[in-house]
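Visitor: For the numbering used here, count along the sequence shown from 1 and bump the result up by 806. Every residue gets a Cβ at the ideal spot worked out from N, C-alpha and C, and that includes glycine. Structure below; questions to follow.
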Amino acid sequence: MASSEEKDLQDKVKKSAAAPETPVPEGGAKAEKFKTFLKENDINFFESQTLADEFHTTIFRSRIEAKGQIMPMAIFIDDSIFTIIRTQVATGINAKNVARIKDHLNALNAEYKIFKYYLREDGNIYLDICVPFVDETFDSRMIQTLLPILVQQLETVYEDLMAVVWAKK
807 MASSEEKDLQ
817 DKVKKSAAAP
827 ETPVPEGGAK
837 AEKFKTFLKE
847 NDINFFESQT
857 LADEFHTTIF
867 RSRIEAKGQI
877 MPMAIFIDDS
887 IFTIIRTQVA
897 TGINAKNVAR
907 IKDHLNALNA
917 EYKIFKYYLR
927 EDGNIYLDIC
937 VPFVDETFDS
947 RMIQTLLPIL
957 VQQLETVYED
967 LMAVVWAKK
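Right, dumping it as structure tokens:
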């Protein structure tokens, strides 16, 4: 015979199984806030794409210009605490220069706190800005504020970075 504690536990399990499920939030609250901000401020240079992933990711794609170069840029907003502003800085890296490029990127990462440069296996160099936001504290103006800072950063480092990327040695 089961003890009274075991019966109580079994009853609780049965009740919870019979109870209606709590609806799972649709997600994307931060992305919706950003879309609203863009519309209210007549900012129309982003194309958005919502992914069918577990984090309800929305990608806002655009381009930025630095040192006369047009670079693809995207803002990744999802249900995680992190919003990423990612810029593709360079493509088609010369394999002979990879070690020097990585050293240069590491030096940039050590010098600039907010920016993270990295070389991916696809031969592209990216620059990320990671901004932590929960739904309640998400601030579209902060994203807007960071974009000119991103351009200023690339204006500062682009020529030296590309000198390393294009080096013939």
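Does the beta-carbon of L960 have 16 or more other beta-carbons within 10 angstroms, so that it is buried, or is it exposed?
Guide: Result: buried.
Visitor: Can you tell me which of I899, Q855, M879 and A913 puts its alpha carbon nearest to the alpha carbon of N930?
Guide: Residue I899 is the option with its Cα nearest to N930.
Visitor: Bridge partners of Q875, per DSSP?
Guide: Answer by DSSP bridge pairing, in chain order: A872.
Visitor: For P831 and R926, I'd like the C-alpha separation in whole angstroms.
Guide: Per-residue confidence for P831 stands at a pLDDT of 45, beneath the threshold of 50, marking its modelled position as unreliable; the derived number appears in the next sentence. Using only the alpha carbons, I get a separation of about 34 Å.
Visitor: Ignore the nearest five residues each way along the sequence and tell me which others in M968's own chain have a CB closer than 6 Å to its CB.
Guide: Cβ neighbours of M968 beyond the five flanking positions: none.
Visitor: Please give the ranges of any beta strand (DSSP E) in the stretch 873-935, keeping only runs that are unbroken, at least 3 residues long and fully inside the region.
Guide: Segments of the beta strand (DSSP E) lying fully in the stretch 873-935: 875-883, 888-896 and 921-925.
Visitor: Can you tell me whether DSSP reads L843 as helix, strand or coil?
Guide: At residue 843 the sequence reads Phe, which differs from the Leu that was named. DSSP places F843 in helix when its eight states are reduced to three.
Visitor: Tell me the DSSP bridge mates of Q855?
Guide: Answer is I865.
Visitor: Secondary structure at V957, three-state DSSP: helix, strand or coil?
Guide: In the structure shown, V957 sits in a helix (DSSP, three-state: H, G or I).
Visitor: Taking the alpha carbon of I920 as the point to measure from, which residue in F843, Q958, T856 and Q875 has its own alpha carbon closest?
Guide: Checked all of F843, Q958, T856 and Q875; the closest Cα to I920 is Q958.
Visitor: Three Cβ pairs or more, each shorter than 8 Å: is that satisfied between the stretch 836-849 and the stretch 881-900?
Guide: Touching, yes.
Visitor: Work out the CA separation of S946 and K975 for me, nearest whole Å.
Guide: Approximately 44 Å, taken between the alpha carbons.
Visitor: Could you check if A896 is buried or exposed, using at least 16 other CB atoms within 10 Å of its CB as the buried criterion?
Guide: So A896 counts as buried.
Visitor: Within the same chain, show all residues whose beta-carbon is closer than 7 Å to that of R869, passing over the 5 residues directly before and after it, in chain order.
Guide: Once the five neighbours on either side are set aside, the close Cβ partners of R869 are I876, M877, P878 and M879.
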